[in-house]
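Numbering (the numbering used here), first residue to last: 195 to 805.
As structure tokens, the structure follows; a few thoughts come after it.
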């Protein structure tokens, strides 16, 4: 298809024409006076792009991210000027930290009116300074001054979003620019962007392969970059060729089959006992597409999660990442390779097959140790769960949910105990089935991201697992799910508070702590809304339960519905059963007024936990 002249198309129409060329089917947005021109243009293309109405612009960004994570295709969000545009901040920050592409189009002041203080303009430091607000949380922000800039800008926006380390992009659209005619051609996307993957330095890859094959306790550590590049088969082949256990970060939970004999679960502050043990004792680590963030490293405290350093017996590190800034940032690297995970691992695997014989790992002592650690972990989980408790434990809910769902079901989570226990307990078997708010740990993510995921994979089971405090931040999006008629299933784990923080207060500051995190009424008694009744008010099927044996029947009914369904589960609030044990360490500072005795007690407890 040749590039088409855009004359007699408005700036808004050119943007939409380009979105169609990029294969965009949906756009999320709330109209306002600052985007009337753009909204009216969408009316002309309503048979090609469906407008979906989130009830808060932040949710629109989460929906777009949820869709991308199951399809690999980015979606746009449009807003009006001022508050509507600023509402995208949390969603954009979440997308930026997790390297997720989403295009945000914000209405803004007419070019000739900038600086006068029109309705909802921010202009005291800089005329029409909305782009400055979003600047730290997008890969690039474009501030349009003329409609003729649009063809080049919209094409560049997609290039920037979808190449290198992916991420969100912002285009600021003045009201008059949206409505003016364009006298330029509309670019063809694939003539303006390469699909080639960045290959790493082959000499360094050879060095890495040789170092890894010399290891006695090799380990593969996966980050979200593996999922982004779809390097799933390469990782599996390398693990099986070398007999290396594979550990996954939160963003890579579904990058390797969790029921594979070499799966070693997770390390770090929210890791597992098996994962922490394996990572701490590894002699060479192949780390792929990972930031080595504080939670997955036990806040860099040497010898707990990892043992990297400069000493002779320290763990050697091979670090592969698309972003050169991540290599060597948090740990000294023996071999750093800049490149796309799939491309680099493909070359790495080719060298292994050419120069080395595969390891018969089933017969190795290392594999027997992994198997033993895994058996101990599963026994711990089995002993930890008490199905007869009422209200039920979150741990029991996760087991029942996993037993009920198909292997390719998509599970969405946000922050809190639900997410932490998902990392430790839930198994995922196929790529793009674990959707979770990663490094920004964003509350309010689950419901809108679940809607986005269901839009992307309408024929799959899609379920959101969310705490009650988290759910209340975006529960208005039940309205959006009902409008769309999607069988989105939301399981609300109700413990009447932000109990993950209650648990953290008790763990760090003492068992007598727990302040401003539990939901109480004016009399000091536990208070919670009836979320099942609220869901019915939105027109959703719903039920409230509290027993273990009620979970699967409730899920069966929920997935039979033609529209959204909410299963509210009252979960246990007893401190012994609210969360799960921490096997790692996380640097949460203790107030200076607490005694040295208290500090020593905490250190001793950590030492006992690790042993």
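We put the beta carbon where it would ideally sit given N, CA and C, even for glycine.
Best match in the options for proximity to residue i [C-alpha to C-alpha]
| i | options | result |
| --- | --- | --- |
| residue 409 | 503, 288, 367 and 553 | 553 |
| residue 569 | 345, 247, 456 and 716 | 456 |
| residue 476 | 499, 368 and 742 | 499 |
| residue 375 | 353, 662 and 231 | 231 |
| residue 358 | 326, 341, 394 and 337 | 394 |
| residue 770 | 405, 578 and 714 | 578 |
| residue 773 | 699, 721 and 762 | 699 |
| residue 468 | 634, 758, 723 and 564 | 564 |
| residue 768 | 696, 599, 235 and 758 | 696 |
| residue 732 | 780, 674 and 360 | 674 |
| residue 215 | 256, 352 and 613 | 352 |
| residue 191 | 602, 493 and 638 | As displayed, the chain neither begins before 195 nor continues past 805, which places residue 191 out of reach and without an answer. |
| residue 592 | 507, 258 and 616 | 616 |
| residue 561 | 421, 434 and 334 | 434 |
| residue 279 | 702, 621, 763 and 223 | 223 |
| residue 380 | 516, 372, 403 and 345 | 345 |
| residue 422 | 360, 253, 396 and 405 | 360 |
| residue 841 | 585, 204, 672 and 399 | With the chain covering 195 to 805 only, the question about residue 841 has no answer from this structure. |
| residue 339 | 317, 753, 315 and 371 | 371 |
| residue 760 | 334, 426, 470 and 688 | 688 |
Reduced DSSP category for residue i - H, G, I as helix; E, B as strand; rest coil
| i | result |
| --- | --- |
| residue 260 | helix |
| residue 553 | coil |
| residue 674 | helix |
| residue 628 | strand |
| residue 645 | helix |
| residue 657 | strand |
| residue 605 | strand |
| residue 268 | coil |
| residue 196 | Because the pLDDT of residue 196 is 43, which lies under 50, any placement of that residue in the model is unreliable, and the number read from its coordinates should be weighed accordingly. Coil, per DSSP. |
| residue 687 | strand |
| residue 667 | coil |
| residue 173 | Since the displayed the chain opens at 195 and closes at 805, residue 173 lies outside it and no answer follows. |
| residue 562 | helix |
| residue 578 | helix |
| residue 415 | strand |
| residue 682 | coil |
| residue 714 | strand |
| residue 457 | strand |
| residue 252 | helix |
| residue 174 | No answer is possible for residue 174: the residues shown for the chain start at 195 and end at 805. |
| residue 485 | coil |
| residue 440 | strand |
| residue 208 | helix |
| residue 203 | strand |
| residue 636 | coil |
Distance cut-off 6 Å: residue i Cβ against heavy atoms of the ligand FAD
| i | result |
| --- | --- |
| residue 674 | Annotation note on the ligand FAD: not contained in the displayed structure, which lists no ligands. |
Beta-carbon gap between residue i and residue j smaller than 7 Å
| i | j | result |
| --- | --- | --- |
| residue 681 | residue 566 | no |
| residue 814 | residue 414 | One cannot answer for residue 814 here, as it falls past the ends of the chain, which runs 195 to 805. |
| residue 349 | residue 386 | yes |
| residue 658 | residue 684 | yes |
| residue 366 | residue 325 | yes |
| residue 269 | residue 220 | yes |
| residue 686 | residue 725 | yes |
| residue 584 | residue 741 | yes |
Where residue i falls, given that 16 or more other Cβ within 10 Å makes a residue buried
| i | result |
| --- | --- |
| residue 217 | exposed |
| residue 202 | exposed |
| residue 237 | exposed |
| residue 195 | Confidence is the limiting factor: at residue 195 the pLDDT is only 35, short of 50, which leaves the residue's position unreliable, though a coordinate-based value still follows. Residue 195 is exposed by the Cβ-count criterion. |
| residue 502 | buried |
| residue 302 | buried |
| residue 441 | buried |
| residue 277 | exposed |
| residue 486 | buried |
| residue 313 | exposed |
| residue 714 | exposed |
| residue 664 | buried |
| residue 320 | exposed |
| residue 630 | buried |
| residue 187 | Since the first residue of the chain shown is 195 and the last is 805, residue 187 is not available in this structure. |
| residue 310 | exposed |
| residue 647 | buried |
| residue 388 | exposed |
| residue 427 | exposed |
Contained beta strand (DSSP E) runs [length at least 3] in the stretch 717-798, N- to C-terminal order:
735-739 and 759-764
At 3 residues or longer, what runs of the beta strand (DSSP E) sit wholly inside the stretch 210-250?
Those beta strand (DSSP E) runs which fall completely within the stretch 210-250 and span 3+ residues are 220-223 and 244-246.
Every unbroken beta strand (DSSP E) within the stretch 269-339, with a cutoff of 3 residues, ordered by chain
270-273, 297-302 and 334-337
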